[in-house]
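Numbers -36 to -1, 1 to 75, taken from mature numbering (1 follows the signal peptide of the UniProt record, and there is no 0), label the letters of the sequence shown in order.
Remarks on the structure that follows.
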Amino acid sequence: MSKSKISQSEITETNTSRTMTAAAMALALGSAISIAAVPDVAHAEGMEKCYGVSLAGKNDCAAGPGTTCAGTSTIDYQGNAWTLVPKGTCEETASPTSPTGFGQLEAFEEK
């Protein structure tokens, strides 16, 4: 039986890789926690999320699976993409894809 020898540089390389992986995971978790903890200032200023009123690429956030956030809607009046509007105006704003013909306070499936 022969024992294979591991060099000091291989040990250092492995430890460095593990440290970097752990650091990346900690950073990702920290970012997620800090984003969740940020207060929704826009809502405090009399604004509300209105789904189905933004044009393609002009949404403020939430554009469904596979998208990151602002500017990621792929079609005009996308039902799962929202834009901030003055409170009380969403359901008066035209949306040709909405079941009611107006913006919605929750995501919807386009007609």
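Note that the Cβ used here is the ideal one computed from N, Cα and C, for glycine as well.
Contact belief for residue i with residue j at Cβ below 8 Å, rounded distance in angstroms
i          : j          : result
residue 25 : residue 57 : Contact doesn't hold; Cβ gap of about 17 Å is too wide.
Close-in-space but distant-in-sequence residues of the same chain around residue i (CB under 7 Å, 5 per side omitted)
i           : result
residue 51  : 10, 11, 12
residue 73  : 43
residue -32 : none
Cβ shell of residue i (< 6 Å), same chain only, five flanking positions each side left out
i           : result
residue 109 : The shown model of the chain, from -36 to 75, leaves out residue 109, and the question about it has no answer.
Secondary structure of residue i, DSSP reduced to three states
i          : result
residue 33 : coil
residue 12 : strand
residue 74 : coil
Nearest neighbour of residue i, chosen from the options [CA to CA]
i          : options         : result
residue 35 : 21, 41, -31, 65 : 21
residue 45 : 23, 64, 55, -32 : 23
Cut-off 8 Å between Cβ atoms - residues of its own chain near residue i, not counting five sequence neighbours on either side
i          : result
residue 41 : 16, 17, 18, 19, 59, 60, 61, 62, 74
residue 64 : 55
is_contact[residue i, chain D] using C-beta, thresh 7 Å
i          : result
residue 58 : Of the protein chains in this structure there is only one, and it is not chain D.
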